[in-house]
Amino acid sequence: MADPSAQDANPLNRTRLEALRRTYCDGLLKDVLPFWLTHAVDRDFGGYMTCLNRDGSLLDTDKSIWAQGRFAWLLATLYDQVEQREEWLENARSGIDFLRSYAFDDDGRMFFTVTRDGRPLRKRRYVFSEAFGVAALAAYAKAAGDERARDEAENLFRLMIRYLTTPGLLPSKNIPGTRPTKGLAVPMILIVTAQILRHVAKDQAFCNEWIMRSIEEIERDFLHPEWRAVLESVGLDGRFVDHLDGRMLNPGHAIEAAWFIMQEATLQNNDAHLLKLGTTILDWMWQWGWDEEYGGIFYYRDVKNLPVQEYWQDMKFWWPQNEAIIATLMAYSLTKDVKYALWHTQAHDWAYSHFPDSEYGEWFGYLHRKGSVAQSAKGNIWKGPFHLPRMQLLGWQITDGLLPR
């Protein structure tokens, strides 16, 4: 039986949960989504322009392919899960049409950035553009009943797997053979991409296979009990690489992986092992990530507590806070462990007292360690309508599920 005094200390009582539900729902539908629909949708060329100043005015017209996929995914998901608003589906279709017309190179892979009218600018050695393309196409297929989009999503996911598993197809970041490493980002993105695709896929077994392979790889190679940490980069066999890159931790990233795994636990009949794995990652990386002095989640840490090479290592970016809010709330909903309610309250209250822009709406993206605004733009090729509205949607859904009927 739970300790009554601990239960009394639980901040997530009914009043708080109702307030959180309003905050997440209203923030999504009345603030964040209108900001991006008003300022980012390109009525002339289709797709979305996310390089926006504080007030929503354009900083640059170049388009991030990540952002095309992410915003199309969000809009289609809202249409499917919240309300069938034609505006949402139409604007999702705008992103899908832009992706189909301009995002793909001749080899089937996708660009990273393009001009406003779709001419290619950059292509990267990673498959993250493709992952967000799969998510967008799959979500749109579900929302619109579009079988073509479903087939495109499945084919693109298989292309991702082919590039990731065929030696030499993707250029190496470093000189091959000297110090081969692999990153947490790939198995992470495969989990969530396959989870989204699985909703519509004809071959759900292929999605399940890659979800479990990716989770097993994270558990086997990236969790290091000797540090009580999830490493961002390891040797190909999971060994610790005692150099700057190998020692670097990205707490927000690992915390995001934690809730991907917890989410999979719920989809597999509340699988106890997956739930324990997800909460272990959260437990470890909260201790590394939370700034006990000033609040908020650090961007980078060194696993030996040595100086980190990246100069923004102690800044507070928007997205790690979003992921911590999701993960702590999800962990509480699945375990009812009051520590997660306390952590969620810390993460939520710090973020909501520092990031929202009361004058122009949406959130600032980049704060100094103590919480002052470092840069006031609302969007760029990285920051767009994704981490924050996803947090608001999930926060709304989870709090709603926690409230008594």
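Each residue of the sequence shown is one higher than the one before, starting from 317 at the first, in the working numbering.
Glycine included, each C-beta is placed from N, C-alpha and C at the ideal position.
This one's a predicted model, so the numbers in the text were calculated from it and none came from an experiment.
Cutoff 7 Å; reference residue i; Cβ partners in own chain excluding five residues on either side
i: Leu710; result: Ile642
i: Met426; result: Ile381, Ala419, Phe420, Ser445, Glu446, Gly449
i: Met317; result: Only weak support exists for where Met317 lies, its pLDDT of 35 falling under 50; the coordinates are left without a value.
Residues that residue i bridges to, as DSSP identifies them
i: Ser549; result: Gly499
i: Thr429; result: Ser380, Arg438
i: His540; result: Ala545
i: Met564; result: Asp618
i: Leu368; result: Leu374
i: Phe633; result: Tyr682
i: Phe420; result: Met426
Neighbourhood of residue i by C-beta distance below 6 Å, restricted to the same chain and skipping five residues each side
i: Pro320; result: Caution applies to Pro320, whose pLDDT of 42 falls short of 50 and renders its modelled position unreliable; the value that the coordinates give is listed next. For Pro320, where only same-chain residues beyond five positions count, there are no Cβ hits under 6 Å.
i: Lys458; result: Asp396, His515, Val516
i: Leu486; result: Arg441, Tyr479
i: Gly687; result: His670
i: Asp413; result: Gly362
i: Trp389; result: Ala451, Ala452, Ala455
i: Gly562; result: Ser549
i: Gln323; result: At Gln323, the pLDDT of 48 sits below 50, so the modelled position is not reliable and the matter cannot be decided from this model.
i: Ala667; result: Gln637
i: Gly611; result: Trp666
First and last residue of the uninterrupted beta strand (DSSP E) at residue i
i: Val357; result: Neither: Val357 is in no beta strand (DSSP E) and is coded neither H nor E.
i: Gln662; result: That residue, Gln662, is in no beta strand (DSSP E); its alpha helix (DSSP H) goes 654-670.
i: Gln625; result: No beta strand (DSSP E) contains Gln625, which DSSP labels as neither H nor E.
i: Gln400; result: Run containing Gln400: none; DSSP gives neither H nor E here.
i: Ala690; result: 689-691
Unbroken alpha helix (DSSP H) run spanning residue i, endpoints
i: Val450; result: 444-460
i: Glu535; result: From DSSP, Glu535 is part of no alpha helix (DSSP H); its letter is neither H nor E.
i: Pro705; result: 703-718
i: Asp745; result: Summary: the structure shown does not reach residue 745, with the chain confined to residues 317 through 721, and so no result is reported for it.
i: Tyr479; result: 463-481
i: Tyr340; result: 330-342
Chain-order list of residues whose beta-carbon lies under 8 Å from that of residue i (same chain, five-residue window excluded)
i: Leu353; result: Glu403, Asn407
i: Thr497; result: Asn490, Ser549, Val550, Gly551, Leu552, Val557, Asp561, Gly562
Three-pair Cβ contact test at 8 Å for the stretch 656-667 versus the stretch 578-590: no
Taking 8 Å as the threshold, find out whether the stretch 682-701 comes into contact with the stretch 559-574 through three or more Cβ pairs. no
Where in the stretch 574-614 do unbroken runs of the alpha helix (DSSP H), each at least 4 residues long, occur, reported from the N-terminal end onward? 588-605
Do the stretch 615-631 and the stretch 647-657 make contact, defined as three or more Cβ pairs closer than 8 Å? no
Assess contact between the stretch 689-696 and the stretch 667-681, defined as three or more Cβ pairs (one per stretch) separated by less than 8 Å. Is contact present? yes
At a cut of 8 Å, does the stretch 543-558 reach the stretch 598-609 through at least three beta carbon pairs? yes
Determine contact between the stretch 507-514 and the stretch 468-483, defined as no fewer than three beta-carbon pairs at a distance below 8 Å. yes
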